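Visitor:
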Amino acid sequence: MSTAPVPDIEFRGVAKRYGAVTAVSGIDLAVPPAAFVALLGPSGCGKTTCLRMIGGFEQPSEGQVLIRGKDMAGTPPYRRPVNMVFQQYALFPHLDAGDNVSYGLRQLRPRLSAREISLKAGEALAMVQLAGYGRRKIHELSGGQQQRVALARALVNKPAVLLLDEPLAALDKKLRTDMQIELQNLQRELGITFVLVTHDQEEALSMSDFVCVMNRGSIVQVGQPSEIYHEPADLFVADFVGKTNLLAGKVERRSGELVEVMLADGSVISARSRNGVASGEAVSVSLRPEALRLGASEQGTFQGIVRNRIFLGSTAEYAIEVPALGTLLATADHQLSQDLFKPGEPVAIGFAPGAPLAFSGVKENGEKQRETKNVEIVS
Amino acid sequence: MRAFIVAVFAFLYLPIALVVLFSLNAGRHASELTGFSTQWYGKALANPFLVEALKNSLFIATTSALLAAVFGTAAALGLARVNIRTRTIFDALLGAAIVVPGVVIGISTLVALVQLFAVVNPFVASIWPGSTPPRLALGYGSIVAAHGLFSMALVSMIVRTRLGSLDRNLVEASSDLYATPLTTFHSIVLPQIMPAILAGFLLAFTFSFDDFIIAFFVAGAQTTLPIYVFASIRRGITPEINAIATIVLCASVLMVVFAQLLLRKTKPSH
Ligand SMILES: Nc1ncnc2c1ncn2[C@@H]1O[C@H](COP(=O)(O)OP(=O)(O)OP(=O)(O)O)[C@@H](O)[C@H]1O
Ligand SMILES: [Mg+2]
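The listed protein sequences correspond, in order, to chains H and L.
If you count by full-length UniProt numbering, then the first sequence holds residues 1 to 379, one letter each, in order.
If you count by full-length UniProt numbering, then the second sequence holds residues 1 to 270, one letter each, in order.
#1: Pull up the CB-CB distance for Leu287 (chain H) and Thr244 (chain H), whole angstroms please, since I reckon it's below 8 Å.
#2: Can you find the residues in the same chain that come closer than 7 Å, C-beta to C-beta, to Phe36 (chain L), ignoring five residues on each side of it along the sequence?
#3: Three or more C-beta pairs closer than 8 Å, one from the region 137-155 of chain H and one from the region 61-74 of chain H: is that the case here?
#4: Could you name the residues, in chain order, whose CB is less than 5 Å away from a heavy atom belonging to ligand 1?
#5: So is the beta-carbon of Val197 (chain H) under 7 Å away from any non-hydrogen atom of ligand 2?
#6: Counting only Cβ pairs nearer than 8 Å, list the residues of chain L close to Asn245 (chain H).
#7: Looking at Asp91 (chain L) and ligand 2, is the gap between the Cβ and the nearest heavy atom below 7 Å?
#8: Could you tell me whether any Cβ in chain H is nearer than 8 Å to the Cβ of Ala173 (chain L)?
#9: Examine ligand 2 and report whether any of its heavy atoms sits within less than 7 Å of the Cβ of Asp167 (chain L).
#10: For the region 191-206 of chain L, which residues have a beta carbon sitting closer than 8 Å to at least one beta carbon of chain H?
#11: Is there a Cβ of chain L sitting closer than 8 Å to that of Tyr229 (chain H), yes or no?
#12: Kindly list the residues whose CB is nearer than 6 Å to the CB of Met262 (chain H), restricted to its own chain and excluding five residues on each side of it in sequence; keep chain order.
#13: Measure the alpha-carbon distance for Arg188 (chain H) versus Ile67 (chain H) and round it to whole angstroms.
#14: May I ask whether a heavy atom of ligand 2 can be found less than 7 Å away from the beta carbon of Asp165 (chain H)?
#15: Among the residues of its own chain, which have a CB less than 8 Å from the CB of Asp265 (chain H), if the five just before and after it don't count?
#16: Do we get a CB-CB distance below 8 Å when we pair Gly13 (chain H) with the residues of chain L?
#17: From which residue to which residue does the beta strand (DSSP E) around Tyr89 (chain H) run?
#18: Is Leu357 (chain H) closer than 8 Å to Val277 (chain H) when the C-beta atoms are compared?
#19: Which one of H:Ile320, H:Leu292 and H:Gln107 has the shortest CA to CA distance from Thr180 (chain L)?
#20: Tell me Glu189 (chain H)'s beta-bridge partners as DSSP assigns them.
#21: Under 8 Å, do Ala204 (chain L) and Leu263 (chain L) count as touching if we go by C-beta distance?
#22: Only counting the same chain, and skipping five residues up and downstream in sequence, which positions put a Cβ closer than 6 Å to that of Arg135 (chain L)?
#23: Listing by chain order, which chain L residues have their CB less than 9 Å from the CB of Leu112 (chain H)?
#24: Could you work out which residues of chain L lie near Ala90 (chain H), taking near to mean beta carbons separated by less than 8 Å?
#25: Please decide whether Gly104 (chain H) counts as near chain L, where near means a Cβ-Cβ distance under 8 Å.
#26: Using the beta-carbon count (16 or more within 10 Å), is Cys212 (chain H) buried or exposed?
#27: Under DSSP, the beta strand (DSSP E) around Pro346 (chain H) begins and ends at which residues?
#28: Can you list the residues of chain H that Ala80 (chain L) reaches, using a CB-CB cut of under 8 Å?
#29: Just the C-alpha distance for Lys16 (chain H) and Val31 (chain H), rounded to the nearest angstrom, thanks.
#30: Sort out for me which residues DSSP pairs Arg176 (chain H) with in a bridge.
#31: What are the residues of the region 70-86 of chain H that lie near chain L, defined by any Cβ-Cβ distance shorter than 9 Å?
#32: Does His199 (chain H) come within less than 8 Å of chain L when only Cβ atoms are used?
#33: Taking 8 Å as the CB-CB limit, is Gln107 (chain H) close to chain L?
#34: Give the single residue among H:Ala154, H:Val259, H:Gly44 and H:Leu292 whose Cα lies nearest to the Cα of Glu281 (chain H).
#35: For Thr73 (chain L), return the contacting residues in chain H, with the cut-off set at a CB-CB distance below 8 Å.
#36: I need the straight-line Cα distance from Phe117 (chain L) to Ala215 (chain L), nearest angstrom please.
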């Protein structure tokens, strides 16, 4: 372990309680230097709480938070080498954009010269493509521009870690995509750790080196985006990250990593299980829409009828009703127009042998869609 | 209905309009308008008693408003930090202080001060080394204290409203950007609540400058402008009095309008 670099951020057995409410508990996490980490989870799972403990706005009730190997207990926010981009930007309305950006620089002791401050502030504004906007009042800037000022105001201080609490939530889709790319570029250029809080799984997967999935105040999985997507640790992650079909069933037999699961329609499929489910246990089998193969013949595992089709150019999405299993989502790519199935048409569904994953627990299919919608509305 | 409203406003504002009108009347008698003149303003300002009263009033209003602005703001800031129950109690008490009739405040302040003097003066006399110990008495000090105390409630209410709408994130952002709590206070919090403090100051000034009732009870031998006017009215209403009233009226209206403008500006921008 001694050769491993000191993590930029480390949580050791951290819990945070507000009175009787436990916001997070048992948090252990080490963020390597210069990483882009996403804290992903549904509303109320404790993402903001974790971020605020790094920033120093909340003190852990239990455990330690370390920044670059130093225990931060008792260190107020103004003595921590981190900066935060707040969700509502929190720009100072009585200062112009330039003075907002140079605010942190002006607090430094020994003092920087006025020339140096304005030079650095100018550079920071240029970095977020706002050169020449320094004398603008905050209310004279658009939402996206304010977002950039907030970013420049934090980055100009060259923090060890940049904290971002859902910084893109208030932007429209186009601007959000632009800012996602810009944030990634900035992180690579500056080589400092970014911790991004988001409940948008696409954003988390597309932007970060590591995703830390949280649920109900605990970390459920930490891994690279592809790992999170392809090898989810449990039913919650499989369901929360990306679209998937969940089929309830019962374990018939297991041999090593492979289990035979009997589904509601009586068919038995073979699935992989990472965290050892027992024989006879009720499980959910996750099948990603893109793992499903559609065919006209009778050779598939399931037989269904196309209920709905959304043509998306290079791919098409199908909602297929399968008797006793419910509606399955399937994504088929590179469809030539003559290969498209029409609503009402019967279709056979197959999948690659390694695709199904079994997890303990059962969750009705379709429930997830509703829940993720709620998440978006609530926050 | 419309006639009724007109009547109400006429009833409210006609006397004031008449005061202004007759302050500009050339003749001495209110019975007839004999032409336009500003002579009464000159006469009023040449009256040494009146000028003395005016100076007193200005001094008392400025001092009490300053004290109210400082302590009212401090109270508002303190109240933002206490738990919600204490805060509710204090809010209720502050609100009550503002609606208590002036007569009650006047009498109770007088009683309290007299009691206080009865205790403090003998005590000071007993420990004073010299032969003429200082004595607390009614006068400037007691008016300033009474006005300041009342206005403090006013200022802290106004500042509390503004503090309530202050974005907590701004304070955290400042702290995040390495500013110590003291720096955060004077570079972020103070600029945000300054208009409210100024508005509170102006309202406190206006209140003190115009107040007759409380001042009358605790003034002792001092004369403020309202007390002087009250005293001279017993000798009949003169155009001079009208001139003074008009000056006071204009000054008060200006201050209140300015305070309102400041308060409107303090509404959160987003
Ligand atoms: N100051 C507080 N007092 C009491 N409970 C709190 C406080 N702050 C947060 N909580 C609770 O702690 C839990 C975690 O809150 P947190 O804000 O960290 O969630 P989040 O993951 O950021 O959610 P969202 O995506 O909605 O922002 C929630 O149940 C919340 O109600
Ligand atoms: Mg949050």
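We treat Cβ as the ideally placed atom computed from N, Cα and C, and that holds for glycine.
Keep in mind that this is a model prediction, so the values were computed, not measured.
Guide: In terms of the structure at hand:
#1: What you label residue 287 (chain H) is simply residue 287 of the first sequence in a count that begins at 1. What you label residue 244 (chain H) is simply residue 244 of the first sequence in a count that begins at 1. About 7 Å; that satisfies the 8 Å criterion.
#2: Start at 1 with the first residue of the second sequence, and residue 36 (chain L) comes out as number 36. In chain order, Leu24 and Ala26 place their CB closer than 7 Å to the CB of Phe36 (chain L), counting only its own chain and leaving out the 5 sequence neighbours on each side.
#3: Contact fails: fewer than three Cβ-Cβ distances are below 8 Å.
#4: Answer in sequence order: H:Tyr18, H:Val21, H:Ala23, H:Ser43, H:Gly44, H:Cys45, H:Gly46, H:Lys47, H:Thr48, H:Thr49, H:His199 and H:Ser379.
#5: The residue given as residue 197 (chain H) occupies position 197 in the first sequence. Ligand 2 has a heavy atom closer than 7 Å to the beta-carbon of Val197 (chain H).
#6: Position 245 of the first sequence, counted from the first residue, corresponds to residue 245 (chain H). Near Asn245 (chain H) there are no residues of chain L at all, since even the closest Cβ is about 41 Å away, more than 8 Å.
#7: Looking up residue 91 (chain L) in the second sequence gives position 91. Checking every heavy atom of ligand 2 against the Cβ of Asp91 (chain L), none is found closer than 7 Å.
#8: Start at 1 with the first residue of the second sequence, and residue 173 (chain L) comes out as number 173. At least one chain H Cβ lies under 8 Å of Ala173 (chain L).
#9: For the purposes of this step, residue 167 (chain L) is identified with residue 167 of the second sequence, where counting begins at 1. No - ligand 2 has no heavy atom lying nearer than 7 Å to the Cβ of Asp167 (chain L).
#10: In summary, the residues of the region 191-206 of chain L whose CB is separated from some CB of chain H by less than 8 Å are Pro191 and Gln192, in the order they occur in the chain.
#11: As a position in the first sequence, residue 229 (chain H) is number 229, starting the count at 1. Not an interface residue.
#12: Position 262 of the first sequence holds residue 262 (chain H). Excluding sequence neighbours, Met262 (chain H) sits near Gly249, Lys250, Glu252 and Val268.
#13: As a first step, residue 188 (chain H) is located in the first sequence; it is residue number 188 there, counting from the start. As a first step, residue 67 (chain H) is located in the first sequence; it is residue number 67 there, counting from the start. Whole-angstrom Cα-Cα distance: 20 Å.
#14: Taking the first residue of the first sequence as 1, we reach residue 165 (chain H) at position 165. The closest heavy atom of ligand 2 lies less than 7 Å from the beta carbon of Asp165 (chain H).
#15: The sequence position of residue 265 (chain H) within the first sequence is 265, counting from 1. Cβ within range, chain order: Phe302, Val322, Pro323, Ala324 and Leu325.
#16: Walking along the first sequence from the start, residue 13 (chain H) turns up at place 13. Gly13 (chain H) is outside the set of residues whose beta carbon lies under 8 Å from a beta carbon in chain L.
#17: For the purposes of this step, residue 89 (chain H) is identified with residue 89 of the first sequence, where counting begins at 1. For Tyr89 (chain H), no beta strand (DSSP E) segment is defined, and its DSSP state is neither H nor E.
#18: To locate residue 277 (chain H), count along the first sequence from 1; it is residue 277. To locate residue 357 (chain H), count along the first sequence from 1; it is residue 357. No, Cβ-Cβ distance for Val277 (chain H) and Leu357 (chain H) is not below 8 Å.
#19: To locate residue 180 (chain L), count along the second sequence from 1; it is residue 180. Among H:Ile320, H:Leu292 and H:Gln107, the Cα nearest to that of Thr180 (chain L) is on H:Gln107.
#20: By one-based count along the first sequence, residue 189 (chain H) stands at place 189. According to DSSP, which records beta bridges pairwise, Glu189 (chain H) is partnered with nothing at all.
#21: If you number the second sequence from 1, residue 204 (chain L) lands on position 204. If you number the second sequence from 1, residue 263 (chain L) lands on position 263. The answer is no: Cβ separation not under 8 Å.
#22: For this step, residue 135 (chain L) is matched to residue 135 along the second sequence. Taking C-beta separations shorter than 6 Å and ignoring five residues to either side along the sequence, the partners of Arg135 (chain L) in its chain run Asn121, following chain order.
#23: Taking the first sequence and counting its residues from 1, one reaches residue 112 (chain H) at position 112. Simply none; closest approach about 12 Å.
#24: Taking the first residue of the first sequence as 1, we reach residue 90 (chain H) at position 90. In chain order: Asp167, Asn169, Leu170, Glu172 and Ala173.
#25: The residue labelled residue 104 (chain H) in the question sits at position 104 within the first sequence. Under the Cβ criterion of 8 Å, Gly104 (chain H) is counted among the residues facing chain L.
#26: Translated into positions along the first sequence, residue 212 (chain H) becomes position 212. Classification for Cys212 (chain H): buried.
#27: By 1-based counting over the first sequence, the position of residue 346 (chain H) is 346. Counting along the chain, the beta strand (DSSP E) containing Pro346 (chain H) begins and ends at Pro346 to Phe351.
#28: As a first step, residue 80 (chain L) is located in the second sequence; it is residue number 80 there, counting from the start. Within chain H, no residue comes near Ala80 (chain L); the closest Cβ sits about 17 Å away, beyond 8 Å.
#29: Indexing the first sequence from 1 puts residue 16 (chain H) at position 16. Indexing the first sequence from 1 puts residue 31 (chain H) at position 31. Going by the C-alpha atoms only, they are around 19 Å apart.
#30: Position 176 of the first sequence, counted from the start, is the residue given in the question as residue 176 (chain H). Answer by DSSP bridge pairing: none, since Arg176 (chain H) is not bridged.
#31: Those would be Pro76, Pro77, Tyr78, Arg79, Arg80, Val82, Asn83, Met84 and Phe86, in chain order.
#32: One-based indexing of the first sequence puts residue 199 (chain H) at position 199. So, not an interface residue.
#33: Sequence index remark: in the first sequence, residue 107 (chain H) carries index 107 (1-based). Gln107 (chain H) counts as touching chain L.
#34: Indexing the first sequence from 1 puts residue 281 (chain H) at position 281. Glu281 (chain H) has its Cα closest to that of H:Val259, out of H:Ala154, H:Val259, H:Gly44 and H:Leu292.
#35: Taking the first residue of the second sequence as position 1, residue 73 (chain L) is located at position 73. Within chain H, no residue comes near Thr73 (chain L); the closest Cβ sits about 17 Å away, beyond 8 Å.
#36: Position 117 of the second sequence, counting from 1, holds the residue named residue 117 (chain L). Position 215 of the second sequence, counting from 1, holds the residue named residue 215 (chain L). Within the model, the alpha-carbon separation for Phe117 (chain L) versus Ala215 (chain L) is close to 18 Å.
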